[in-house]
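Asker: Heads up: the sequence shown begins at 30 in our numbering, then just goes up one per residue.
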Amino acid sequence: MTHVEIEITAELVRDLVRDQHPDLADRPVRLGARGWDNQLWRLGDDLAVRLPWATGSADALLRKEHSWVPALAPRLPLPVPVPQRLGEPSQRFPRPWIITTWVPGTPADRLPVTRAADAAESLAGFLTALHRPAPGGAPAGRDRGGPLADRAEGFARGLTAATERGLVNDPDAVRAVWHDAVTAPEWTGPALWLHADLHPANVLTADGTFCGVIDFGDLCAGDPACDLAAAWNLLPDDTTDHFYAAYQPTVDTATMRRARGWAAARALAGILIGDDGVHGRPGGKPTWGPPAHAALQRLIATIR
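#1: In chain order, what residues of the same chain have a beta carbon less than 6 Å from the beta carbon of PRO108, not counting five sequence neighbours either side?
#2: Near GLU150, which residues of its chain fall below 6 Å by C-beta distance, leaving aside the five closest residues on each side in sequence?
#3: For ASP48, which option in PRO81, ALA235, THR269, LEU115 has the closest C-alpha, if you only look at C-alpha atoms?
#4: My guess is that TRP222 and ALA185 are in contact by the Cβ rule of under 8 Å, so how many angstroms apart are they, rounded?
#5: Taking the beta strand (DSSP E) that PHE122 belongs to, which residues open and close that run?
#6: Starting from LEU248, follow the alpha helix (DSSP H) in both directions and report where the run begins and ends.
#7: ASP244 and ASN231 - do their beta-carbons sit closer together than 8 Å?
#8: Quick check: what's the CA-CA separation for VAL33 versus PRO103?
#9: What distance in whole Å lies between the Cβ atoms of VAL42 and LEU53, which are believed to be in contact at a cut-off of 8 Å?
#10: Could you check which residue in LEU325, ASP305, PRO219, ARG204 has the C-alpha nearest to that of LEU334?
#11: Measuring straight from C-alpha to C-alpha, what distance separates THR268 and HIS308?
#12: Can you confirm whether the segment 67-81 touches the segment 201-219 when touching is taken to mean that 3 or more C-beta pairs between the two stretches lie within less than 8 Å?
#13: Run through the DSSP bridge pairs and tell me what ASN67 is partnered with.
#14: Tell me, which residues are paired with ALA235 by DSSP?
#15: Looking only at DSSP bridge pairs, what is THR130 linked to?
#16: Comparing alpha-carbon positions, which option in PRO278, GLY64, ASP256 lies nearest THR316?
#17: State yes or no: is the C-beta of ASP66 within less than 8 Å of the C-beta of GLY246?
#18: Would you mind reading off the limits of the alpha helix (DSSP H) that contains TRP207?
#19: Look at the alpha carbon of ARG180 and the alpha carbon of LEU257, and state the distance between them as a whole number of angstroms.
#20: Within 10 Å of its beta-carbon, does ALA169 have 16 or more other beta-carbons around it, so buried, or fewer, so exposed?
#21: From the DSSP secondary-structure annotation, give me the bridge partner or partners of GLY116.
#22: Would you call the segment 189-207 and the segment 286-299 in contact, with 3 or more CB pairs under 8 Å?
#23: Excluding the 5 residues preceding and the 5 following LEU69 in the sequence, name in chain order all residues of the same chain whose CB lies nearer than 6 Å to its CB.
#24: For the beta strand (DSSP E) holding TRP222, just list the boundary residues, first then last.
#25: Given a cut-off of 8 Å on the beta-carbon distance, is the pair VAL142 and GLY218 in contact?
#26: Can you say whether GLY183 is buried or exposed, counting buried as having 16 or more other CB atoms within 10 angstroms of its CB?
#27: Taking the straight line between their C-alpha atoms, what separation do you get for ARG59 and THR38?
#28: With the cut-off set at 8 Å, would you say LEU72 and ALA158 are in Cβ contact?
#29: What does the Cβ neighbour count give for GLU40, buried or exposed, with the cut at 16 atoms within 10 Å?
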């Protein structure tokens, strides 16, 4: 089932909550956002309902969040949406859904940070707290957190597509960033907890700095370089060194190199999705383009 086959409305959300969690049924319902995998509906002032709508994989991602995020959230220094209730499939809506806490703020693709040093320290503190060894039963990433070489084909396709659309002026420089990253030594440490989807739409801002991190659907265990890429994708120019100085433990050179590769892949994806949005193509988000272009330019500058 996709969003084409069922329309999610405020009335449907109210009915679902009333049927399965009647103690919350008197709260007002209003649309919060339509994301990549899920729709987000406000439930009163402090809760939100997330329902899968656009991808078949969203069901498993929501159940994963419900299982793992509550134990991780207390140690994280930025607010995150903590699952409170699980909604089971029913005749009204044949997919699982969750109720989480609501995290206020504006996504960074719409309101970038302006207090660069504070933002760098905030992001570093968040990842320092998150990046702890994961237990043996922790979920594996869906193409994230593993060896960069596993993403080589997808990276090449993305670069070709972006170049053909005229969105990348120096594809050779982008390839050089990727080559340096993919040839770096692989991660040999323990598999660490990762958010694994730290792009600007999943990090919230307020008062010029970061104020929350959302969407833990890709939570997994693996190479921290996957998350450390966020320094390039989220922070303003000339802030990356400040971030790495604040992150603990000190990051080795190989991990920094791999992080640039993850950042380049994420930037290319953002550029393409942004272009799709500008031209009204399905799945496009025009606000993703500017921060992705800026990130790619920062990365290219590291090899010049």
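C-beta atoms are modelled at their ideal positions from N, C-alpha and C, and glycine is treated no differently.
Answerer: Quick look at the numbers:
#1: VAL132, GLY241
#2: ALA275
#3: Ranked by Cα distance from ASP48, the first of PRO81, ALA235, THR269, LEU115 is LEU115.
#4: TRP222 to ALA185, Cβ: 29 Å. No contact.
#5: Run containing PHE122: none; DSSP gives neither H nor E here.
#6: Segment: none, LEU248 is in no alpha helix (DSSP H) and carries neither H nor E.
#7: yes
#8: Confidence is the limiting factor: at VAL33 the pLDDT is only 46, short of 50, which leaves the residue's position unreliable, though a coordinate-based value still follows. Distance between the alpha carbons of VAL33 and PRO103 is about 37 Å.
#9: With 8 Å as the limit, LEU53 and VAL42 do not qualify as a contact, their Cβ atoms being about 11 Å apart.
#10: Residue 334 falls outside the range modelled here, since the chain spans only 30 to 333, and no answer is possible.
#11: Cα to Cα, THR268 sits roughly 32 Å from HIS308.
#12: no
#13: PRO81
#14: THR238
#15: LEU76
#16: GLY64
#17: yes
#18: 200-211
#19: Note on geometry: alpha-carbon atoms of ARG180 and LEU257 lie some 17 Å from one another.
#20: exposed
#21: Its beta-bridge partners are TRP126.
#22: Three or more Cβ pairs closer than 8 Å define a contact, and the segment 189-207 meets that threshold against the segment 286-299.
#23: GLY61, ALA62, ALA77, ARG79
#24: Segment 221-223, the beta strand (DSSP E) holding TRP222.
#25: no
#26: exposed
#27: 9 Å
#28: Going by C-beta atoms, LEU72 is not nearer than 8 Å to ALA158.
#29: Exposed, because fewer than 16 other Cβ atoms sit within 10 Å of the Cβ of GLU40.
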